[in-house]
Amino acid sequence: MSGLGGSPDSGPLWRPNIDYELMRSIEIQSHIAAQERERAERERATNIAVSRQRWLTSGKRCDIEVATSSGGHRPCAEPAAGHCSSCEHVFCVAHQSYDRPPGFRVMIDECIQCQDQRVETVAAAAREAEKKARQAAEQRERRHRAHEAKVRAHEKENDWPGARTLLDEVERRRRELPNGSYEGPTGSEIARANAVLIVDVVAISVLGCGFVADPALSAPLVFTLGAILAIAMLALGPMSRWALRIRIQHSRHLRYTALIEERDELRSARGCGKPDCKLCRAEWSWS
C-alpha cells in the first residue's frame, strides 16, 4: 500500500492518508497564523521604536505633572517619547502606555495616565454589569420563592392531588368523544332512534284501537294506521335522518363543552391561582 500515509508495514508512524492530509493542513494553518502574529509584533515594535526615536531627537520634554517631595507638582521634563492623542500631553518613556495582562488594546500614542483611566473605566463597567446581574439574579430568586409559596398554598387549598385524579378521568372521557367531521350516526344511535319510532307506532295504534267501539274494525284500523305511518316514515326518512344528525351533533357538542368547562375548573386548582401567570406557564404546560 503506497501513498502519503505510507503503509501499515512502516511501523507505528503509519496513518491513513486522510488523517495525514488533515494533520498536515492543520500544521500549515497554524504555521501561517504564527507567522502573521510574529509579523504584526515586529511591525508594532518597529513603529514604537521609530516613533520613540523621532520624539527623543526632537528636543521636546515630557509635560506630564509628577508629585514632588514638598507635596506639589511639576512637569516631568524628561525627553519626550510621544504625544498623547487623548489628553494632548507630551510623555516620556516612563509615562508611555504599555501592555497589560487583561488584554487591553495598547495605543503607542497614549500616555500611561490615559491608559490607566481607560482600564479603570472598563473595570468599572465590568463591576457595574456584574452588580446588576447579581441584583437581577437575587430578584428572580426572591420572585420564584414567593411564587412557590403561593403555589403550595393554592394547591393545598384546592386539593390539587384529588383534582388531578378527576382531571385525568375528564381527559379520558373527552378523548373518547368522536371528533373531527361528522360521518353519520353510529349503530347504537340509529338503534335507539328506531326503537323510539317503533314505540311511537305501537302506542298510536293501541290508542287508536281503544277509541273504536267495534272490535271487528280494530284490526283494519291498526293496519291502516301502520301503513300510513310506514309511508310517512319512508317519505320523511331523509328529514328524520337530518334531524337525528342535528340532534346527535348538538348532544355531542354539549357533552364536549361540559367536559371542557369541567377540565378548566379542575385545572384552576393547579399553580398560584393567577390567570395567565408567566411563571406558571414557564414551569408547566397543558397538553
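With UniProt numbering, letter number 92 in the sequence shown gets 92, and the count goes up by one each step, no holes.
Where is the CB? At the ideal position from N, CA and C, for every residue including glycine.
Keep in mind the model is a prediction, meaning the values are calculated, not measured.
Beta-carbon proximity list for residue i, same chain, < 6 Å, skipping 5 on both sides
i      : result
Ala269 : Asn158, Trp160, Ala163
Gly273 : His154
Pro102 : Below a pLDDT of 50, predicted positions are generally treated as unreliable, and Pro102, at 49, falls in that range; the measurement from the model is reported next regardless. So the list is empty, once near-sequence residues are dropped.
Ser69  : none
Ala125 : none
Straight-line gap, residue i to residue j (C-alpha atoms, nearest Å)
i           : j      : result
Cys87       : Glu41  : 26 Å
Cys111      : Lys150 : 59 Å
Arg152      : Glu171 : 24 Å
residue 294 : Asn47  : Lying before the first or after the last residue shown, residue 294 is absent from the chain, which here runs from 1 to 287.
Glu36       : Gly72  : 48 Å
Lys60       : His89  : 11 Å
Ser287      : Glu141 : A caution first: Ser287 carries a pLDDT of 43, below 50, which makes its placement in the model unreliable, though a value can still be read off. Taking the straight line from one Cα to the other gives about 28 Å.
Ile32       : Val50  : 27 Å
Thr121      : Lys131 : 15 Å
Arg281      : Arg252 : 30 Å
Ala129      : Gln117 : 18 Å
Leu279      : His147 : 8 Å
Glu65       : Ala94  : 12 Å
Ile246      : Ile260 : 21 Å
Arg52       : Arg39  : 20 Å
Gly180      : Ala258 : Residue placement at Gly180 is poorly supported in this model, since its pLDDT is 46, which falls under 50; the coordinates still yield a value, given next. Their backbone Cα atoms lie some 18 Å apart in a straight line.
Ala123      : Ala133 : 15 Å
Cys277      : Lys156 : 18 Å
Arg143      : Pro275 : 17 Å
Gln29       : Met23  : 10 Å
Thr57       : Gln135 : 55 Å
Glu27       : Ala34  : 11 Å
Ser25       : Gly271 : 58 Å
Ala45       : Arg145 : 57 Å
residue 361 : Leu254 : Outside the modelled stretch of the chain, which goes from 1 to 287, sits residue 361, for which no answer is possible.
Opposing strand residues paired with residue i [DSSP bridges]
i           : result
Pro79       : Arg61
residue 317 : Residue 317 is absent from the structure shown; the chain starts at 1 and stops at 287.
Cys111      : Gln96
His250      : Bridge partners of His250: none, in fact.
Val122      : Partner(s): none; Val122 has no beta bridge.
Ala67       : His73
Whole-number beta carbon distance between residue j and residue i, since they are thought to touch under 8 Å
i      : j      : result
Cys92  : Cys114 : That pair is no contact at about 14 Å.
Asp109 : Cys84  : 7 Å
Tyr256 : Arg174 : 7 Å
Leu167 : Arg263 : 6 Å
Same chain, Cβ closer than 7 Å to residue i, neighbours up to 5 away in sequence not counted
i      : result
Trp55  : Ala80, Ala81, Gly82
Ala67  : His73
Leu266 : Ala163, Leu166, Leu167, Val170
Gln96  : Ala81, Gly82, Cys111, Ile112
Same chain, Cβ closer than 8 Å to residue i, five either side skipped, listed in chain order
i      : result
Glu138 : none
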